[in-house]
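K.L.:
Submitted below is the structure of interest, expressed as C-alpha cells.
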Amino acid sequence: MSQPGLWELIKEDWQVNGRDWTRPGFRALAVYRFGVWRMGVKPKYLRAPLSIIYRFLFRRVRNRYGIELPYSVKAGRRIIIEHQSAIVVHGDTVMGDDCIIRQGVTIGNRYLNKPFDAPRLGNRVNVGAGAKLLGGIDIGDDAIVGANAVVLKDVPAGATVVGIPARQIGTSAST
C-alpha cells in the first residue's frame with residue numbers, strides 16, 4: 004500500500020477538522036505536513052526555498068496560534084488539535100492516528116540529560132486540556148488523559164488517567 008501524498012493528508016485533516024480551513028489546529032497540521040513533505044525533495048538547492056517558506060509558516064503558526072508542532076514529529080493521520088494556545092510537542096514525539104490534542108498540552112522530555120526521550124501516543128488517544136506528558140513514555144491505544152494530568156509513566160491501552168501525578172481511574176468499555 005502506498006503512502007498518501009501531501010494533498011491527501013491535508014484533505015483528511017481538513018475533513019476531520021470540520022471542513023473549516025480557518026481552524027488554527029488545521030492550519031498547524033497543514034504547515035506540519037508541508038514541512039514533512041519538503042524534506043522529501045532531494046536536491047538541496049530545490050529544498051532550500053521550501054525550507055525558508057516552512058520556517059516562516061512554522062513561526063507564524065507558533066506565534067499567532069501558540070501551537071508548536073515541528074516537522075520532526077512522527078504524526079499519524081486525522082489528528083485533531085481542538086483548541087489553540089500553549090500547545091508544545093517535542094520534536095521526537097510519535098503520535099498515532101485519530102488523536103485529539105487540546106489547549107495547553109505539553110508533550111515533551113522530562114530530564115535535561117535525556118533530550119531525545121519523548122512520549123509515544125497510540126491510536127485514538129484523547130489528551131485533555133492542560134495535560135503534560137513527559138519523558139519516554141508510551142500512551143496506549145484508546146487511552147484518555149484527563150485535563151491537567153501530569154503523566155510520567157506508561158498508560159495502558161484503553162485506560163483513563165487523571166491527577167498529578169496521573170493515576171489510572173478506569174478503562175474504556177471498547178477495549
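Take 4 as the starting number for the sequence shown in this note's numbering and just add one per residue.
Using N, Cα and C, we set each Cβ at its ideal position, and we do this for glycine too.
This structure is a prediction, so every number in the text was calculated from the model and none was measured.
#1: Have a look at Thr-178 and Val-164 and give me their C-alpha separation to the nearest angstrom.
#2: Check this for me: beta carbons of Val-97 and Ala-132, under 9 Å apart or not?
#3: Closer than 8 Å to a non-hydrogen atom of the ligand ADP - does that hold for the CB of Phe-61?
#4: For the candidate residues Ala-78, Pro-168 and His-93, whose alpha-carbon lies nearest to that of Val-153?
#5: Closer than 8 Å by C-beta to Asp-141: which residues in its own chain qualify, once you throw out the five before and the five after it? Chain order, please.
#6: Going by other Cβ atoms of all chains shown within 10 Å of its Cβ, with 16 needed for buried, is Gly-51 buried or exposed?
#7: Thinking C-beta only, is Ile-83 closer than 9 Å to Gly-107?
#8: Assign Arg-22 to buried or exposed, taking buried as 16 or more other Cβ atoms, counted over all protein chains shown, within 10 Å of its Cβ.
#9: Under the rule that 16 or more other beta-carbon atoms within 10 Å means buried, what is Gly-173, buried or exposed?
#10: Starting from the Cα of Gly-161, find the closest Cα among Ile-147, Asn-151, Gly-43 and Leu-155 and give me that residue.
P.N.:
So, to answer that:
#1: Residue placement at Thr-178 is flagged as unreliable, the pLDDT there being 48, under the threshold of 50; a coordinate-derived value is accordingly withheld.
#2: Contact check for Val-97 against Ala-132 fails: the beta carbons are separated by 9 Å or more.
#3: Although the ligand ADP was asked about, the structure shown includes no ligands whatsoever.
#4: Measuring from the Cα of Val-153, the nearest candidate turns out to be Pro-168.
#5: Sequence-distant Cβ neighbours of Asp-141 in its own chain, meaning closer than 8 Å and more than five residues away, are Pro-122, Arg-123, Gly-125, Asp-157 and Val-158.
#6: Here residue 51 turns out to be Ala, not Gly, going by the sequence shown. Label assigned to Ala-51: exposed.
#7: Ile-83 is positioned such that its CB atom lies no closer than 9 Å to that of Gly-107.
#8: The C-beta of Arg-22 has fewer than 16 other C-beta atoms within 10 Å across all chains shown, which makes the residue exposed.
#9: A residue is called buried once 16 or more other Cβ atoms fall within 10 Å of its Cβ, and Gly-173, having fewer, is exposed.
#10: Measuring from the Cα of Gly-161, the nearest candidate turns out to be Ile-147.
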